[in-house]
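All remarks here apply to the structure that follows.
The following block contains the structure:
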């Protein structure tokens, strides 16, 4: 399928050079496609970037769905989710290769995409928590609200570190620090969720 | 004392117009002081701003110290701390009246100030938690590490909302939302800290 091929080529370019440094010409050349044909599928570079990010999001949601279906505890699922979630965030940062500020400026273009993803993510997380409450692993409570708070806490822990980076470059040490911290905070939250 | 008078006048100006819109001339005029004298006390506007913020920080730390000495539970102290902390953050934002981005750019100027304040704050919070662990209210644990994580979580919850505001204007609804969310998250964390 032509569209998939374009997305794959664009993904490679974006991941290597970042959103702003990639041109539609280069992507067309990568797959030996006339520029006009490329524009037929994706009228703008933003459209193409959205398609690439959407693909990543779908893969992430699929991964989380697999975690959800596994026969492990809700605690274990939440821990796996947290580990995976940071990776997904970094994929996005890596595709954009933009400073946090520049990403904020681009965000209106991705508003729908972001909203849609956030809702699916919230649903999945609330599902894990609901299962934990139903099977007696967690104290009874409000899974939707708890999921919202956990998502906001994790978002904050990512953002507070990334907001201060002016020129983006992938940093393994930082990544590891954020992940450790997220997992430690999750542990604290789990201590409160767990049925006594 | 001349210095206190200057700081008070500067505080009023900053709180009303914000850091970048205030001039040293205006502050000198407010207190009927020659510009040269003002510069004798504070060589630059940044120095004066630092003095104003330091004063606010001292008052905040004093307030928290009073909370600490009260005969209430550690839970109660942490809840009071969270309520007060957001107010302090807003005072700073209000004095600067700068976008989050502009504040980030100014930050190197305040690096020492910020570091010093963070350390005192961490000490106070760790103290509350340690007391709670010692008096059996909380499970045994590591007060320093717990304090760090709680501070980071609260910082993240503030930042994730403020990072997206381009042109600063004080927003009571947002303030209330952030405070409610911080207190809800604190409640979750306290559920985990509390001795069974």
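Residue numbers (the working numbering), protein chains in the order written: chain S, 174 to 369; chain F, 174 to 369.
The C-beta atom is built at its ideal place from N, Cα and C for all residues, glycine as well.
Take every Cβ of the region 350-360 of chain S, pair it with every Cβ of the region 248-266 of chain S, and state whether three or more of those distances are shorter than 8 Å.
-> yes
Determine the closest residue to residue 174/S out of 195/S, 214/S, 193/S and 186/S, with distance taken between C-alpha atoms.
-> 214/S
State whether the region 198-213 of chain F contacts the region 354-363 of chain S, with contact taken as three or more CB pairs (one from each stretch) at a distance under 8 Å.
-> no
Tell me whether the beta-carbon of residue 183/S lies closer than 8 Å to the beta-carbon of residue 200/S.
-> yes
Using a Cβ cut-off of 9 Å, pull out every chain F residue sitting near residue 369/S, in sequence order please.
-> Near residue 369/S (Cβ distances below 9 Å), the residues of chain F are 369.
Does the distance from the C-beta atom of residue 226/S to that of residue 286/S stay below 8 Å?
-> yes
Is it the case that the CB of residue 326/F approaches a heavy atom of the ligand ATP more closely than 7 Å?
-> Ligands are entirely absent from the displayed structure, and the ligand ATP is therefore not among its contents.
Taking all protein chains shown into account, do 16 or more other C-beta atoms lie within 10 angstroms of the C-beta of residue 239/F, making it buried, or fewer, making it exposed?
-> exposed
Starting from residue 369/S, follow the alpha helix (DSSP H) in both directions and report where the run begins and ends.
-> Counting along the chain, residue 369/S falls outside any alpha helix (DSSP H), and DSSP gives it neither H nor E.
Enclosing alpha helix (DSSP H) for residue 224/S [first to last residue] = 218-242
Is the CB of residue 299/F under 8 Å away from at least one CB in chain S?
-> At a cut-off of 8 Å between C-beta atoms, residue 299/F does not count as an interface residue with respect to chain S.
Is it a yes or a no for the region 261-269 of chain F touching the region 184-199 of chain F, going by three-plus beta-carbon pairs under 8 Å?
-> Pairwise C-beta distances place the region 261-269 of chain F in contact with the region 184-199 of chain F, as three or more of them are shorter than 8 Å.
Rounded C-alpha distance that separates residue 329/F from residue 328/S | Each residue's CA atom was taken as its position, placing residue 329/F and residue 328/S some 7 Å apart.
Local Cβ density within 10 Å of residue 316/F, reported as buried at 16 or more and exposed below that = buried
Which stretch, first to last residue, makes up the alpha helix (DSSP H) that contains residue 320/S?
-> 316-335
Residue 362/S touches chain F at which residues, Cβ-Cβ below 8 Å?
-> 361, 362 and 365
Please list the residues of the region 318-334 of chain F that have a C-beta atom closer than 7 Å to any C-beta atom in chain S, keeping them in chain order.
-> 322, 325, 326, 328, 329, 330, 332 and 333
With 16 other CB atoms within 10 Å as the buried threshold, where does residue 230/F fall?
-> buried
From residue 245/S to residue 234/F, what distance separates their C-alpha atoms?
-> 46 Å
Output, in chain order, the set of chain S residues within a Cβ distance shorter than 7 Å of residue 357/F.
-> 322
Under the three-state reduction of DSSP, which class applies to residue 192/F: helix, strand or coil?
-> helix
Can you give, in chain order, each stretch of the alpha helix (DSSP H) that sits fully within the region 270-320 of chain F and has at least 4 residues?
-> 273-279 and 284-307
Taking residue 217/F as the reference, which of 291/F, 196/F and 178/F has the closest Cα?
-> 196/F
Using a Cβ-Cβ cut-off of 6 Å (strictly less than) and excluding sequence neighbours within five positions of residue 261/S, which residues of its own chain qualify?
-> 233
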